[in-house]
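Colleague: Position in the sequence shown (from 1) plus 2 gives the number in our numbering. Where is the CB? At the ideal position from N, CA and C, for every residue including glycine.
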Amino acid sequence: MSKTEKVSNQHLGNLLSSNQLKEDYFLLRSVLEEGHAGLYAHRNKTEIDTKFEDIFSKLDTSSTLMKFYEIIADFIDFIADGHTSVTVDSKIRDYVKNEIGIFPIKPVFVDRRFYVYKNFSRDESISVGTEILKINDISINEIIEKLLSFVYIDGFGIERKFRSLEKNFSCLFPLIFGVKNNFEIEYRVKETKEIRKAKLDAITINETKAIHEKRFLEDFNAPLNSFTIHSDLKTAILKIGTFNSGKTMAKITGIKKYAEEDKFPSFLKSAFRGFKEEKIEKLILDLRGNGGGRDDYGALLYSYLTENEFQYYDTLYLKKKKFDFFKTTNNKSLNFILKLIKKEETDYGYRIYNPFFMPPLYKTHKKQKDAFEGDVFVLIDGGSFSAACEFCTICHRFQRVKFVGEETRGTYIGNTSGLMASVHLPHSKLIIRIPLF
3 MSKTEKVSNQ
13 HLGNLLSSNQ
23 LKEDYFLLRS
33 VLEEGHAGLY
43 AHRNKTEIDT
53 KFEDIFSKLD
63 TSSTLMKFYE
73 IIADFIDFIA
83 DGHTSVTVDS
93 KIRDYVKNEI
103 GIFPIKPVFV
113 DRRFYVYKNF
123 SRDESISVGT
133 EILKINDISI
143 NEIIEKLLSF
153 VYIDGFGIER
163 KFRSLEKNFS
173 CLFPLIFGVK
183 NNFEIEYRVK
193 ETKEIRKAKL
203 DAITINETKA
213 IHEKRFLEDF
223 NAPLNSFTIH
233 SDLKTAILKI
243 GTFNSGKTMA
253 KITGIKKYAE
263 EDKFPSFLKS
273 AFRGFKEEKI
283 EKLILDLRGN
293 GGGRDDYGAL
303 LYSYLTENEF
313 QYYDTLYLKK
323 KKFDFFKTTN
333 NKSLNFILKL
343 IKKEETDYGY
353 RIYNPFFMPP
363 LYKTHKKQKD
373 AFEGDVFVLI
383 DGGSFSAACE
393 FCTICHRFQR
403 VKFVGEETRG
413 TYIGNTSGLM
423 ASVHLPHSKL
433 IIRIPLF
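1. Less than 8 Å between the beta carbons of L135 and I142, yes or no?
2. Under the three-state reduction of DSSP, which class applies to L318: helix, strand or coil?
3. Taking buried to mean at least 16 other C-beta atoms within 10 Å of its own C-beta, is I197 buried or exposed?
4. Counting C-beta neighbours from all protein chains within 10 Å, is the total for N292 16 or more, i.e. buried, or is it exposed?
5. Does DSSP classify R165 as helix, strand or coil?
6. Quick check on the burial criterion: 16 or more other C-beta atoms within 10 angstroms. Buried or exposed for S19?
7. What is the rounded straight-line gap between the Cα of A212 and the Cα of M68?
8. Apply the 10 Å Cβ neighbour rule to T244 and answer buried if 16 or more other Cβ atoms are within range, or exposed otherwise.
9. Pull up the distance between the alpha-carbon of E101 and that of T395, whole angstroms please.
10. I'd like to check one pair, F312 with H367: are the Cβ atoms closer than 8 Å?
11. For G295, collect the residues of the same chain with a Cβ closer than 6 Å to its Cβ; drop the 5 residues on either side in sequence, then sort them by chain order.
12. Check whether the Cβ atoms of L427 and V90 lie closer than 8 Å to each other.
13. If we ignore side chains and look at the alpha-carbon of each, how far apart do I140 and R31 end up?
14. With three or more C-beta pairs closer than 8 Å as the rule, is the segment 164 to 178 touching the segment 186 to 194?
15. In three-state terms, what does DSSP make of L289?
16. On the CB-based measure, 16 or more other CB atoms within 10 Å of its CB, does L17 come out buried or exposed?
17. DSSP three-state label for L202, please.
18. Say yes only if the C-beta of F185 is nearer than 7 Å to one or more non-hydrogen atoms of the ligand MG, and no if none qualify.
19. Return yes when the Cβ of K201 is within less than 8 Å of the Cβ of K186, no when it is not.
20. Going by beta carbon distance, what residues of the same chain come within less than 8 Å of V9, once the five residues before and after it are set aside?
21. Along the chain, where does the beta strand (DSSP E) that runs through R435 open and close?
22. Under a three-way DSSP split, which group does Y299 fall into?
23. Find the nearest neighbour of E347 within the set A43, G416, K322, judged by alpha-carbon distance.
24. Quickly, what does DSSP pair G407 with across the bridge? List them, please.
25. Compare the beta carbon distance of L240 and F379 with 8 Å and say whether it is the shorter of the two.
26. Can you tell me which of the three DSSP states D113 falls into?
27. If you draw a straight line from the C-alpha of K199 to the C-alpha of L381, how long is it?
Here's what the structure looks like:
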């Protein structure tokens with residue numbers, strides 16, 4: 003084991019005393035009970051309390067950071083809220099991604115089997131579609147069972163987790179199964195079905211980006227959102243890869259060219275004007291892999307499909323007017339933001355009226371001048387989440403489209419999101435992300 007491997011693995015193996023574990027537990031519990039607006043959306047209070055007590059019963063002896071992380075991740079998974087998450091300290095994650103490296107193959111899962119989707123390793127003989135059977139002598143089935151607890155969705159359904167697991171696999175695997183400078187894989191050759199082994203070096207995020215641009219140029223150059231018109235078929239394909247702005251995606255991904263893309267309202271205006279001019283009769287709207295973003299962008303998109311006026315949001319709720327845990331968890335600025343929002347106390351908490359950062363969501367939306375009136379088919383998968391799922395809910399409610407694909411990562415009844423609070427547990431340094439609306 004190299005020096006860099008030892009540094010990271012030793013940190014994940016740090017021993018925490020029973021008192022330290024319990025202090026982190028009490029903070030976690032108090033924060034969730036005080037602030038999480040959807041803590042009981044998918045589990046009732048008795049179920050959540052029982053799970054809390056089960057966690058506490060495991061903290062009477064010292065434990066490693068990794069073991070505590072697994073316990074908390076299992077609990078976050080149990081809550082069944084896709085916007086709630088737990089991660090290790092960002093310093094550890096950054097060290098793994100930027101110094102040691104991650105697993106160099108991006109998978110696609112089919113029937114719980116791991117196939118190569120993108121190979122970023124130096125061994126280019128491992129082609130797309132190759133089935134990986136083992137990594138570091140651990141079967142893919144065992145790896146999947148372990149990692150699914152670290153993938154969070156709204157509601158229930160294991161199969162809905164796989165698109166997210168594909169996206170996060172390269173970073174998750176070394177964090178959970180041990181950081182290494184290289185990985186030994188066992189795979190089945192696609193053409194001959196022969197079983198072979200190979201050793202692949204870990205690869206840093208920057209190396210991944212460089213190889214992505216070189217080896218997968220067409221994919222790298224693909225815009226966030228795009229449309230194509232097939233005039234001969236009277237059909238158009240509209241790909242909405244995100245409801246985030248280009249500037250936001252440039253910051254998230256580090257791909258600077260995204261910031262130069264047309265603003266979403268301008269993009270939609272151009273697309274639907276083109277559909278009208280070409281007398282398009284059928285529209286395929288591709289939301290696969292759309293993880294959400296700005297809710298008002300979802301409302302804007304639907305205004306190009308609607309047959310009538312509509313309201314996108316009815317209400318948002320907060321549990322409290324002001325949160326005590328903000329004082330001790332680096333979230334003080336959020337209380338200032340909450341002061342600016344008009345609230346009314348109800349039996350369900352505090353109803354929020356027209357928050358200054360979401361005014362378009364409460365108004366009555368009108369049909370756009372160039373709205374599409376033909377048949378609409380929406381492609382969805384387990385990567386469709388958050389704002390994308392809210393958009394799908396509106397489409398289904400008004401029976402405007404037909405859906406094709408997999409179940410999404412979200413639920414039909416809405417989600418808990420909006421303002422997000424991040425809480426750093428003092429001893430384990432785990433980061434808990436909590437939605438407030």
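Modeller: According to the structure shown:
1. Within the sequence shown, the letter at position 133 stands for residue 135. Within the sequence shown, the letter at position 140 stands for residue 142. Yes. Within cutoff.
2. To locate residue 318, count along the sequence shown from 1; it is residue 316. In this structure, L318 counts as strand in the three-state DSSP scheme.
3. Taking the sequence shown and counting its residues from 1, one reaches residue 197 at position 195. The residue in question, I197, is exposed, as its Cβ has fewer than 16 Cβ neighbours within 10 Å.
4. Your numbering for residue 292 matches position 290 in the sequence shown. Using a 10 angstroms sphere on the CB of N292, the tally of other CB atoms reaches 16 or more, which defines it as buried.
5. Sequence index remark: in the sequence shown, residue 165 carries index 163 (1-based). In the structure shown, R165 sits in a helix (DSSP, three-state: H, G or I).
6. Within the sequence shown, the letter at position 17 stands for residue 19. Of the residues assessed, S19 falls on the exposed side of the cut-off, its CB having fewer than 16 other CB atoms within 10 angstroms.
7. In the sequence shown, residue 212 corresponds to position 210, counting from 1. In the sequence shown, residue 68 corresponds to position 66, counting from 1. If you take the alpha carbons of A212 and M68, they lie about 31 Å apart.
8. The sequence position of residue 244 within the sequence shown is 242, counting from 1. That one is buried.
9. Start at 1 with the first residue of the sequence shown, and residue 101 comes out as number 99. Start at 1 with the first residue of the sequence shown, and residue 395 comes out as number 393. Each residue's alpha carbon lies about 42 Å from the other.
10. On the sequence shown, position 365 is the one that residue 367 refers to. On the sequence shown, position 310 is the one that residue 312 refers to. Inclusion of H367 and F312 in the CB contact set at 8 Å is warranted, their separation being smaller than that value.
11. Counting from one through the sequence shown, the residue named residue 295 turns up at place 293. Leaving aside the five residues that flank G295 on each side, the residues in its chain whose CB is nearer than 6 Å to its CB run, in chain order, T244, F245, N246, A389.
12. Along the sequence shown, read from residue 1 onward, the residue named residue 427 stands at position 425. Along the sequence shown, read from residue 1 onward, the residue named residue 90 stands at position 88. Not closer than 8 Å, so no.
13. Along the sequence shown, read from residue 1 onward, the residue named residue 140 stands at position 138. Along the sequence shown, read from residue 1 onward, the residue named residue 31 stands at position 29. Cα to Cα, I140 sits roughly 34 Å from R31.
14. Flag = no, the segment 186 to 194 and the segment 164 to 178 do not touch.
15. Residue numbering aside, residue 289 sits at position 287 when the sequence shown is read from its first letter. In the displayed model, L289 falls within coil according to three-state DSSP, outside both helix and strand.
16. Along the sequence shown, one-based indexing puts residue 17 at 15. The residue is exposed, with fewer than 16 neighbouring Cβ atoms inside 10 Å.
17. Indexing the sequence shown from 1 puts residue 202 at position 200. In this structure, L202 counts as strand in the three-state DSSP scheme.
18. No copy of the ligand MG appears in this structure; indeed no ligand is present at all.
19. On the sequence shown, residue 186 is found 184 positions in, with the first residue counted as 1. On the sequence shown, residue 201 is found 199 positions in, with the first residue counted as 1. Note that residue 186 is Glu in the sequence shown, not Lys. Yes, the Cβ-Cβ distance between E186 and K201 is below 8 Å.
20. Residue numbering aside, residue 9 sits at position 7 when the sequence shown is read from its first letter. With a pLDDT of 47 at V9, under the threshold of 50, the modelled position of that residue is not reliable, and no figure is offered here.
21. Indexing the sequence shown from 1 puts residue 435 at position 433. Note, R435: beta strand (DSSP E), 433 to 437.
22. Translated into positions along the sequence shown, residue 299 becomes position 297. DSSP places Y299 in helix when its eight states are reduced to three.
23. By one-based count along the sequence shown, residue 347 stands at place 345. It is K322.
24. Along the sequence shown, one-based indexing puts residue 407 at 405. As DSSP reads the structure, G407 sits in a beta bridge with I382.
25. By 1-based counting over the sequence shown, the position of residue 240 is 238. By 1-based counting over the sequence shown, the position of residue 379 is 377. Between L240 and F379, the C-beta spacing is not below 8 Å.
26. In the sequence shown, the residue the question calls residue 113 occupies position 111. Here D113 carries a coil assignment [DSSP, helix/strand/coil].
27. In the sequence shown, counting from the first residue as 1, residue 199 sits at position 197. In the sequence shown, counting from the first residue as 1, residue 381 sits at position 379. When rounded, the distance between both Cα atoms is 37 Å.
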